[in-house]
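A.B. asks: The structure under discussion is supplied below as structure tokens; questions concerning it will follow.
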């Protein structure tokens, strides 16, 4: 979009984008892609997991973490553990997402635009597969419990 707004097909901005950002085997593209995966992993975790709510739920239902007082100290501890767990997870996701691009760069394939399994596609397929397995397990559990309720 930026290169189209510039209008000049040989301009320096267009050349930079074509050579470094759009080219999926470029080290700049791979580094930016990896950084975005890490950033969005932290963003997703911060949206989906609220340590304050978990600490309140634990306090309300009588749960606790040994050595940590219920309430605010539990929320702070959960936030600390969450940030420490998210770092290796985000680095792993970034590596999995970047691996196809790295392999294409190493093999020096000129036809990497037609490669069907990019990093994002792999992450989506794994996520959908895990969610499907979880749904099937829940359905099987519900069917087994139906026999006990009747």
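Numbering (this note's numbering), first residue to last: 12 to 161. Backbone N, C-alpha and C fix where the C-beta goes; we use that ideal spot for every residue, glycine too. The structure presented is a predicted model; accordingly, all values stated were derived computationally and were not measured.
1) Which residues bound the alpha helix (DSSP H) around residue 99?
2) Return helix, strand or coil for residue 64, following the three-state DSSP convention.
3) Quick check on residue 35: buried or exposed, where buried means 16 or more other Cβ atoms within 10 Å of its Cβ?
4) Can you name, in chain order, every residue of its own chain whose Cβ lies under 7 Å from the Cβ of residue 141, other than the five neighbours on each side?
5) Can you have a look at residue 48 and say buried or exposed, based on whether 16 or more other CB atoms are within 10 angstroms of its CB?
6) To the nearest whole angstrom, what separates the beta carbons of residue 134 and residue 108, a pair I think is in contact under 8 Å?
7) Ends of the alpha helix (DSSP H) at residue 26?
8) Could you tell me the distance, in whole angstroms, from the CA atom of residue 44 to the CA atom of residue 25?
9) Keeping to the same chain, check which residues put their C-beta closer than 7 Å to that of residue 131; ignore five residues upstream and five downstream.
10) Check this for me: beta carbons of residue 66 and residue 85, under 7 Å apart or not?
11) Looking at the secondary structure, which residues open and close the alpha helix (DSSP H) in which residue 45 lies?
12) Under three-state DSSP, which class holds residue 76?
13) DSSP three-state call for residue 146: helix, strand or coil?
14) Taking the Cβ atom as the reference point for each residue, do residue 52 and residue 104 lie within a distance shorter than 7 Å?
C.D. replies: Once the coordinates are examined:
1) By one-based count along the chain shown, residue 99 stands at place 88. Residues 83 to 118.
2) By 1-based counting over the chain shown, the position of residue 64 is 53. Helix, per DSSP.
3) Position 24 of the chain shown, counting from 1, holds the residue named residue 35. It is buried - the Cβ of residue 35 has at least 16 other Cβ atoms within 10 Å.
4) For the purposes of this step, residue 141 is identified with residue 130 of the chain shown, where counting begins at 1. None.
5) If you number the chain shown from 1, residue 48 lands on position 37. Buried: at least 16 other Cβ atoms inside 10 Å.
6) The residue labelled residue 134 in the question sits at position 123 within the chain shown. The residue labelled residue 108 in the question sits at position 97 within the chain shown. That belief holds up - the Cβ atoms of residue 134 and residue 108 are roughly 6 Å apart, short of 8 Å.
7) As a position in the chain shown, residue 26 is number 15, starting the count at 1. Residues 23 to 27.
8) In the chain shown, residue 44 corresponds to position 33, counting from 1. In the chain shown, residue 25 corresponds to position 14, counting from 1. Near 19 Å, if we compare the C-alpha coordinates of residue 25 and residue 44.
9) Locating residue 131 in the chain shown gives position 120, where the first residue counts as 1. Excluding positions up to five away in sequence, the list reads 108.
10) Here residue 66 is taken as the residue at index 55 of the chain shown, counted from 1. Here residue 85 is taken as the residue at index 74 of the chain shown, counted from 1. It is a contact, given that the beta carbons lie within the stated cut-off.
11) Here residue 45 refers to the residue found at position 34 when the chain shown is read from its first residue. Following the DSSP letters along the chain, one finds residue 45 inside the alpha helix (DSSP H) bounded by residues 38 to 59.
12) As a first step, residue 76 must be located in the chain shown, where it is residue number 65. Coil, per DSSP.
13) Counting from 1 along the chain shown, the entry for residue 146 is found at position 135. Note: residue 146 maps to helix in three-state DSSP.
14) Taking the chain shown and counting its residues from 1, one reaches residue 52 at position 41. Taking the chain shown and counting its residues from 1, one reaches residue 104 at position 93. In contact: residue 52 and residue 104 (Cβ atoms closer than 7 Å).
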